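Sequential numbering from 50 applies to the sequence shown in the numbering used here.
Think of the CB as a built atom: it goes at the ideal place given N, C-alpha and C, for glycine as much as any other residue.
On a predicted model such as this, the values are computed, not experimentally measured, just so you know.
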Amino acid sequence: MGHFLSRLLLTLVVIILVISTTALGVLFVVRSNDYNNSQNELSKVKEDLKAAQGKILDLQAAAKDPNTKLTFSDTGLGIKVEFPASWTPISNTKVELESTTTATTLKSLEVKFTKTGATVTFSRLFGPVGDLAVGYPTSTYDVKEVSSKIIRVADKGTNKWSYKAKVDCADAIEVPAGTTVCGSGSFFPGFGTGGGAASFASVETSDATLLLEADTIVVSALN
Numbered sequence: 050m051g052h053f054l055s056r057l058l059l060t061l062v063v064i065i066l067v068i069s070t071t072a073l074g075v076l077f078v079v080r081s082n083d084y085n086n087s088q089n090e091l092s093k094v095k096e097d098l099k100a101a102q103g104k105i106l107d108l109q110a111a112a113k114d115p116n117t118k119l120t121f122s123d124t125g126l127g128i129k130v131e132f133p134a135s136w137t138p139i140s141n142t143k144v145e146l147e148s149t150t151t152a153t154t155l156k157s158l159e160v161k162f163t164k165t166g167a168t169v170t171f172s173r174l175f176g177p178v179g180d181l182a183v184g185y186p187t188s189t190y191d192v193k194e195v196s197s198k199i200i201r202v203a204d205k206g207t208n209k210w211s212y213k214a215k216v217d218c219a220d221a222i223e224v225p226a227g228t229t230v231c232g233s234g235s236f237f238p239g240f241g242t243g244g245g246a247a248s249f250a251s252v253e254t255s256d257a258t259l260l261l262e263a264d265t266i267v268v269s270a271l272n
């Protein structure tokens with residue numbers, strides 16, 4: 050009887066050891082998996098953090114680079130203007146609304162960009178509009194052909210320039226003899242799309258370098 054009890058006790062001890070060993074093995078595997086998952090998640094977090102830091106550095110570099118191009122846009126009105134980061138868009142964008150008893154409609158829109166005293170102004174007028182092409186004699190105006198589409202015109206000796214659509218003088222009226230450059234009376238062919246509206250663009254500065262930068266900004270707004 051004593052021998053039987055001894056064998057039974059030994060068997061129970063073996064069973065307990067097997068169960069304990071198995072449990073520890075399973076726990077080790079689970080802990081090992083948890084550790085590996087934690088390491089993977091930690092690696093992913095580190096990668097995400099590195100990517101975020103990279104984006105921050107890129108943004109900081111862009112902010113420091115005055116030549117970085119920024120964009121002002123209004124999809125609904127078809128407006129898109131690119132400008133260097135060294136220029137500042139005026140925050141109080143002017144929007145006028147015209148109300149009736151049945152509807153409220155947009156009457157006009159104005160956006161300005163400034164840099165060290167220079168101001169580029171874009172405006173768009175909604176409603177019945179009209180314009181006539183005329184000549185711009187160099188005896189009366191300072192004229193600059195900015196592109197195949199636009200000219201920049203100022204009264205002689207002033208620093209207030211207007212951008213106008215370039216027009217063939219054969220299609221213009223009031224063309225003084227000897228005039229070689231003609232354009233719209235006031236309209237600018239850009240800063241928005243759609244019928245029943247007219248756009249205007251101007252710059253005020255006497256700085257030649259800023260004038261060239263303004264030209265680039267205005268050209269980016271062409272339709």
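Of the choices the options, whose alpha-carbon is the least far from that of residue i?
{"i": "Thr254", "options": "Thr117, Asn208, Ile199", "result": "Asn208"}
{"i": "Leu259", "options": "Ile200, Leu155, Trp136, Asp204", "result": "Trp136"}
{"i": "Thr165", "options": "Val268, Ser251, Asp256, Leu181", "result": "Asp256"}
{"i": "Ala182", "options": "Thr168, Phe237, Ala263", "result": "Phe237"}
{"i": "Asp204", "options": "Ala221, Pro186, Phe121, Ser233", "result": "Pro186"}
{"i": "Arg201", "options": "Leu119, Leu126, Ile266", "result": "Ile266"}
{"i": "Lys213", "options": "Gly206, Ala219, Gly232, Asn272", "result": "Gly232"}
{"i": "Thr168", "options": "Glu262, Thr242, Phe240", "result": "Glu262"}
{"i": "Thr163", "options": "Ser269, Ile139, Leu126, Ser157", "result": "Ile139"}
{"i": "Asp180", "options": "Asp220, Thr170, Ser188", "result": "Asp220"}
{"i": "Gly239", "options": "Ser188, Lys215, Thr117", "result": "Lys215"}
{"i": "Ser269", "options": "Lys156, Ser122, Asp114", "result": "Ser122"}
{"i": "Phe249", "options": "Lys118, Glu223, Val224, Ser211", "result": "Ser211"}
{"i": "Ser188", "options": "Gly206, Ala246, Asn116", "result": "Gly206"}
{"i": "Lys296", "options": "Thr117, Thr120, Leu119, Asp264", "result": "No statement about residue 296 is possible, as the shown extent of the chain runs from 50 to 272 and does not include it."}
Could you give the first and the last residue of the continuous alpha helix (DSSP H) run that contains residue i?
{"i": "Ile266", "result": "257-269"}
For the beta strand (DSSP E) containing residue i, list its first residue and its last residue.
{"i": "Leu119", "result": "118-123"}
{"i": "Leu174", "result": "167-175"}
{"i": "Asp191", "result": "190-194"}
{"i": "Gly232", "result": "231-233"}
{"i": "Val183", "result": "182-184"}
What residues match up with residue i in a beta bridge as DSSP calls it?
{"i": "Ile199", "result": "Ala214"}
{"i": "Lys164", "result": "Ala167"}
{"i": "Ala246", "result": "Phe175"}
{"i": "Ile128", "result": "Asp123"}
{"i": "Glu253", "result": "Thr168, Lys209"}
{"i": "Asp204", "result": "Tyr190"}
{"i": "Gly239", "result": "Leu271"}
Cutting at 6 Å between CB atoms, please list the residues of its own chain near residue i, excluding the five before and the five after it.
{"i": "Leu126", "result": "Gly241"}
{"i": "Thr170", "result": "Lys161, Ser251"}
{"i": "Ala247", "result": "Leu174, Val178, Phe236"}
Beta-carbon within less than 7 Å of residue i's beta-carbon, same chain only, minus the 5 sequence neighbours each way: which residues are those?
{"i": "Asp114", "result": "Ala134"}
{"i": "Asn272", "result": "Pro238, Gly239, Thr242"}
Identify, in the order they occur along the chain, each residue of the same chain with its Cβ nearer than 8 Å to the Cβ of residue i, setting aside the five sequence neighbours on each side.
{"i": "Cys218", "result": "Gly184, Val224, Thr228, Thr229, Val230, Cys231"}
{"i": "Lys118", "result": "Glu131, Phe132, Pro133, Ala134"}
Say the cut is 7 Å; is the CB of residue i nearer than that to a heavy atom of the ligand PLP?
{"i": "Phe236", "result": "Absence of the ligand PLP is noted for the structure shown, with no ligands found whatsoever."}
> Touching or not, the segment 171-181 and the segment 193-201, by the rule of three or more beta carbon pairs under 8 Å?
Replying inline: no
> If you pair each beta-carbon of the segment 128-135 with each one of the segment 217-229, do three or more pairs fall below 8 Å?
Replying inline: no
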